[in-house]
Every structure is written in structure tokens, then in C-alpha cells.
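Notes follow the structure.
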Amino acid sequence: MRPIRIALTKGRLETDSIALFQKLGYDCSAVLNKGRRLILPISDGTNEMEVVLAKAADVVTYVENGVCDIGVVGKDTIMEMGGTFYEVADLGFGRCRFALAVPKGKDFYSGYHTRRIASKYVNVTRSVFEAKNMDVNIVKIEGSVELAPILGLSDAIVDIVQTGLTLRENGLEVVEDLADISARLIVNIASLKLRKSEIDPFITQIENILKEEEPT
Ligand code: PRP
């Protein structure tokens, strides 16, 4: 049987994910010195696991399809993609929020024209405005969404905001906070049953670390 495989989101969540596994006692030197390798072994001396580094959406796809058993991915991607897997823990890092933002000083709600909203997260955006009973046109943008209103492509954006710096430096401001986001631990449904004896203790270990870190 192959080792338990964990899909980690590359980039922003990577460092905190590795720090978490190190706290659990895993030697992550292969991940830290990965070079161009994409599948990397980690071990705590007893348990051998494999770490796969992938883009957020691919983490969900790999876990959903069972080629990875466990994943670390942002709630933003989960909200956008949906999917069938267990979301077993809020890992507490990668905290940011979904926000609706407009060019500074602009009144998003005045007037009757159909607004155009740019976002990487078209499904999240659709459900936000459905909930408001507002008919909007959604334009899908792949990155640096803040550009869309500056260039005149959209009236507003729905995007993730962490420090708020990108908005500020580009003359935009939040009109409304939409949802809190953080990194989540997800598990393939079949894996949780079939490899329970390996996965359950790992989840428990993580839960214990999270409890220790909880502010009292
Ligand atoms: C995200 C998001 C914002 C920025 C927010 O982009 O889309 O642009 O981070 O962070 P801040 O509030 O701390 O400034 P990311 O860096 O992930 O890249 P992208 O624009 O290519 O998606």
C-alpha cells in the first residue's frame, strides 16, 4: 500500500503547513529542500507519508478523487469549488476574508444599472449577489483582480483581502466583508474509512496542537 499522501497548497499556505507538520514531529527536510520535485517524503520516525505540492484547486481535485488522502487548502477554494470530501479542521492559519471592494469613494449601491463584478471566484460572487437578489454581470479574472475596476472593466471586485495593502495601494476600499477564510484540513471520504487507523491519529494530533495554540 502506498504511504498516506497529503496535498499541500503551494505558496501562501506552504510555510505554515510545513511548520504544523514539524510541530507534529515530522522531519520535513525533503519538502524544505524540494528543488523541482513534486512528491516529497516526510516521516516522524514511525509514520512515512508523502507530501504533494499543488495549486489550491488541484488540492481539492486530488483529495476528491482519492489520489491524495488528505489536503490543506483555503476555505476560499472550498467555497468556490464545493466538492465531496470531509472538512475536518480549521487550521487557523492563512486567515483572510472575502470582501466586496470598489474604487475609493464610489457608492456601489447608488443607481439602477446592472453592476459588473470582477473576480477569480465566480461561484462565490454569484451566490453573494443571489443572496442580495441583485442581478450582476460577473467577469472572471485569473489574478490581480484589483486591476479590473482600475482599468474600467468592472464596478467592483470580490476578492480575498488579507492585510488590505493591495486594495489600499490601488485606490480601492472594502464595501462589505463577505466571509472569513482560513486554511482547512480536508480528507477523502473513502480514505477516512479504509485508512482510519492511520488518518484518525494524525487528525487527533493536529487537533491537540490546535487546542494548545488556542488563546486562553
Ligand atoms: C491575493 C488577493 C489580493 C491579495 C490580498 O492575491 O487576490 O490581490 O492577495 O492581499 P493583501 O490584502 O495582503 O494585500 P495573491 O497574492 O494570492 O495573487 P493573485 O492576485 O495572483 O491571485
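Be aware that the sequence shown starts at 1, since it is given in my numbering, and climbs by one per residue. Virtual Cβ for every residue (Gly too), placed ideally from N, Cα, C. This one's a predicted model, so the numbers in the text were calculated from it and none came from an experiment.
If you look at F129, you'll find it isn't in any beta strand (DSSP E); it sits in the alpha helix (DSSP H) that goes V122 to A131.
Per DSSP, reduced to three states, the secondary structure at R37 is coil, with no helix or strand assignment. Nearest in C-alpha terms to E50, of all of V139, E80 and I70, is I70. T125 is the residue among N137, N188, L172 and T125 whose C-alpha sits nearest the C-alpha of V158. For D107, the three-state secondary structure derived from DSSP is coil.
Residue pairing for G74: DSSP places it in a beta bridge opposite A183.
Every alpha helix (DSSP H) stretch that sits fully inside the stretch 41-101 and reaches 4 residues is listed by chain position as 56-64 and 75-81. By the beta-carbon neighbour count (other beta carbons within 10 angstroms, threshold 16), V128 is buried. When distances are taken from the beta-carbon of D159 to the heavy atoms of the ligand PRP, the shortest one is below 8 Å. A direct Cα-Cα distance of roughly 26 Å separates S182 from G171. Between I141 and S119, the gap from beta carbon to beta carbon is short of 9 Å. A contact is defined here as three or more CB-CB pairs under 8 Å, and the stretch 26-43 fails this definition with respect to the stretch 58-77. Beyond the five residues adjoining it in sequence on each side, D177 comes within less than 7 Å, by CB distance, of R97 and A99 in the same chain, given in chain order.
Only residues of its own chain outside the window of five on either side were considered, and among them M49, D69 and E198 have a CB closer than 6 Å to the CB of I4, listed in chain order. Out of L8, V145 and H113, the CA that lies nearest to the CA of V63 is found in L8. Contact between the stretch 76-93 and the stretch 198-210 is established, with three or more Cβ pairs separated by less than 8 Å. Distance from the CA of N137 to the CA of S154, rounded to the nearest whole angstrom, comes to 9 Å.
Counting along the chain, the unbroken alpha helix (DSSP H) around L20 starts and ends at E14 to K23. Fully enclosed beta strand (DSSP E) runs of no fewer than 3 residues occupy 172-181 and 183-187 of the stretch 161-211, in order along the chain.
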